[in-house]
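Asker:
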Amino acid sequence: MGNAIQLIVNGLSFGGLVFLLAAGLSIIFGLMDVLNLAHGSFYMIGAYTAYTVVMATQNFWLALLVAPVLLAVIGAALEMVFFRRLYRHGHLPQVLMTFGFTLVFVDLIRSRFGPTTRAIPPPPGLGGAVHLATATFSSYSLFVLGIAIVIGALLVIGWRLTRLGVVLRAGVSDKEMAGLLGIDLPRTFTFTFAFGAALAGLAGVIAAPEFAIYPGMDANVLILALVVVVIGGLGSIEGALLGAAVIGLGYVIGSTLFPQFAIGLIFALMAAVLIIRPSGLLGRRS
């Protein structure tokens, strides 16, 4: 029983990490119709920013503030300089350009830090374990789960109850109508892209004490984030939250019980959801 609870908590913790990456990706794709394959690179840059800040200052909490701000600036600059020119040209130019950015970012990271795997310790007070009944949990995993729950709740509240959330949902539903209603779509797009990049950077910082930091670390987590977006439904924060929980549980439980089939199990879950609901669990039906 204790092992089962531990697997569930670890799965939800991992799912929470993927949610931070997938939420921004889902909004960007749903609102801007941009398939950003460089989104995982923002996660990688966030992790390396955490490594740099922690090595220089020994302060993880400072990294938790610096990385999202840095990635928001990078995201806003990329949207205004590059992505804005491609909105009317379909997905193929977007895929080619964003894939090119992934190669550029990996090469920049490799030239600066080398190919060596890096790591940082958990912040003080979160390096131990918590014992509850017959189950033992990593303190840091519980911290990650708590962060994901808080941010998920804030995103859902903001998405549903704030004026900005109404604007973003209007853009997801009908961009042309939103423009006719006086919504400043270029500014909204820039904010959305910057916010999504900041969330990805935050995910990278949070992942840094738990996972290896290396050039190319973005590839696997980007695949999982894309699967979460497909399962949850484009442009749905609640869908990303639910999809991340499903994928996190499936991946961790699958890796423990059937390690050779863990990735296959993820895609089987995605296929099952799409057969039942082609638009995703909480996506809009066409």
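Residue numbering for the sequence shown follows this note's numbering, starting at -8 and increasing by one per position.
No residue lacks a Cβ here, since even glycine has one placed at the ideal position from N, Cα and C.
List the whole-angstrom C-beta distance separating residue 193 from residue 6, where the pair is believed to meet the contact cut-off of C-beta under 8 angstroms.
Answerer: The sequence position of residue 193 within the sequence shown is 202, counting from 1. The sequence position of residue 6 within the sequence shown is 15, counting from 1. About 15 angstroms; that fails the 8 angstroms criterion.
Asker: Closer than 8 angstroms, CB to CB, is residue 147 near chain B or not?
Answerer: Annotation note: the requested chain B is absent from the structure, which comprises a single protein chain.
Asker: Under DSSP, the alpha helix (DSSP H) around residue 63 begins and ends at which residues?
Answerer: As a working mapping, residue 63 is identified with position 72 in the sequence shown. Looking at the DSSP string, the run of the alpha helix (DSSP H) that includes residue 63 is 51 to 72.
Asker: DSSP three-state label for residue 126, please.
Answerer: Locating residue 126 in the sequence shown gives position 135, counting from the first residue. Correct three-state label for residue 126: strand.
Asker: Any chance the CB of residue 177 is under 7 angstroms from a heavy atom of the ligand NAD?
Answerer: The ligand NAD is not part of the structure shown, which contains no ligands of any sort.
Asker: What residues in its chain sit with their C-beta under 6 angstroms from that of residue 109, if we drop five residues either side in the sequence?
Answerer: As a working mapping, residue 109 is identified with position 118 in the sequence shown. Closer than 6 angstroms at Cβ, skipping near neighbours: 42 and 204.
Asker: Who are the near neighbours of residue 20 in its chain, counting only those whose CB is closer than 8 angstroms to its CB and skipping five residues on each side?
Answerer: The residue given as residue 20 occupies position 29 in the sequence shown. For residue 20, where only same-chain residues beyond five positions count, the Cβ hits under 8 angstroms are 26, 27, 220, 225 and 226.
Asker: Note down, in chain order, each residue of its chain lying with its Cβ closer than 6 angstroms to the Cβ of residue 207, except the 5 sequence neighbours on either side.
Answerer: If you number the sequence shown from 1, residue 207 lands on position 216. Cβ within range, chain order: 97.
Asker: Identify which residue in 13, 131 and 2 has its Cα closest to the Cα of residue 187.
Answerer: Along the sequence shown, one-based indexing puts residue 187 at 196. The candidate whose alpha carbon is nearest that of residue 187 is 13.
Asker: Mind checking whether residue 282 and residue 222 have CB atoms under 8 angstroms apart?
Answerer: Nothing can be reported for residue 282: it is not among the residues displayed for the chain, which extend from -8 to 277.
Asker: If you draw a straight line from the C-alpha of residue 105 to the C-alpha of residue 180, how long is it?
Answerer: On the sequence shown, position 114 is the one that residue 105 refers to. On the sequence shown, position 189 is the one that residue 180 refers to. If you take the alpha carbons of residue 105 and residue 180, they lie about 34 angstroms apart.
Asker: If distances are taken between C-alpha atoms only, which option among 120, 261 and 251 comes closest to residue 236?
Answerer: As a working note, residue 236 is residue 245 in the sequence shown. Selected option, being the one with the closest Cα: 261.
Asker: Taking a contact to mean a Cβ-Cβ separation below 8 angstroms, would you say residue 0 touches residue 128 in this structure?
Answerer: For the purposes of this step, residue 0 is taken as residue 9 along the sequence shown, with counting starting at 1. For the purposes of this step, residue 128 is taken as residue 137 along the sequence shown, with counting starting at 1. Cβ distance < 8 angstroms, so residue 0 and residue 128 count as in contact.
Asker: May I have the straight-line CA-CA distance separating residue 31 from residue 191, to the nearest angstrom?
Answerer: To locate residue 31, count along the sequence shown from 1; it is residue 40. To locate residue 191, count along the sequence shown from 1; it is residue 200. Each residue's Cα considered, the two are about 7 angstroms apart.
Asker: For residue 233, count neighbouring C-beta atoms within 10 Å of its own C-beta (all shown protein chains included) and say buried if the count is 16 or more, exposed if not.
Answerer: Taking the sequence shown and counting its residues from 1, the one referred to as residue 233 is at position 242. That one is buried.
Asker: Identify which residue in 209, -5, 216 and 199 has its Cα closest to the Cα of residue 44.
Answerer: The count along the sequence shown starts at 1 and reaches residue 44 at position 53. Among 209, -5, 216 and 199, the Cα nearest to that of residue 44 is on 199.
Asker: Taking the straight line between their C-alpha atoms, what separation do you get for residue 143 and residue 102?
Answerer: The residue you call residue 143 lines up with position 152 of the sequence shown. The residue you call residue 102 lines up with position 111 of the sequence shown. Each residue's alpha carbon lies about 35 angstroms from the other.
Asker: State the Cα-Cα distance for the pair residue 238 and residue 247, rounded to the nearest angstrom.
Answerer: Counting from 1 along the sequence shown, the entry for residue 238 is found at position 247. Counting from 1 along the sequence shown, the entry for residue 247 is found at position 256. Residue 238 and residue 247: Cα-Cα distance of roughly 14 angstroms.
Asker: If contacts are defined as beta-carbon pairs under 8 angstroms, then residue 139 and residue 51 qualify, I think. What distance do you get, rounded to the angstrom?
Answerer: Working through the sequence shown from its first residue, we reach residue 139 at position 148. Working through the sequence shown from its first residue, we reach residue 51 at position 60. Not really, about 17 angstroms apart at Cβ, beyond 8 angstroms.
Asker: Only counting the same chain, and skipping five residues up and downstream in sequence, which positions put a Cβ closer than 8 angstroms to that of residue 173?
Answerer: Within the sequence shown, the letter at position 182 stands for residue 173. Nothing listed; no residue qualifies.
Asker: Taking the Cβ atom as the reference point for each residue, do residue 131 and residue 115 lie within a distance shorter than 8 angstroms?
Answerer: The count along the sequence shown starts at 1 and reaches residue 131 at position 140. The count along the sequence shown starts at 1 and reaches residue 115 at position 124. The answer is no: Cβ separation not under 8 angstroms.
Asker: What separation, rounded to the nearest whole angstrom, lies between the Cα atoms of residue 213 and residue 17?
Answerer: Taking the sequence shown and counting its residues from 1, one reaches residue 213 at position 222. Taking the sequence shown and counting its residues from 1, one reaches residue 17 at position 26. Computed Cα separation, rounded: 12 angstroms.
Asker: Helix, strand or coil for residue 277, going by three-state DSSP, please let me know.
Answerer: Here residue 277 corresponds to residue number 286 of the sequence shown, with the count starting at 1. Note that residue 277 scores a pLDDT of 49, beneath 50, so its modelled location is shaky and nothing firm can be said.
Asker: Report buried or exposed for residue 90, applying the criterion of at least 16 other Cβ atoms within 10 angstroms of its Cβ.
Answerer: Along the sequence shown, one-based indexing puts residue 90 at 99. Classification for residue 90: exposed.
Asker: Flag this pair as yes or no: are the beta carbons of residue 256 and residue 241 separated by less than 8 angstroms?
Answerer: Position 265 of the sequence shown, counting from 1, holds the residue named residue 256. Position 250 of the sequence shown, counting from 1, holds the residue named residue 241. The answer is yes: Cβ separation under 8 angstroms.
Asker: By the DSSP assignment, the alpha helix (DSSP H) with residue 88 in it spans what residues?
Answerer: Numbered from 1 along the sequence shown, position 97 holds the residue referred to as residue 88. Note, residue 88: alpha helix (DSSP H), 82 to 104.
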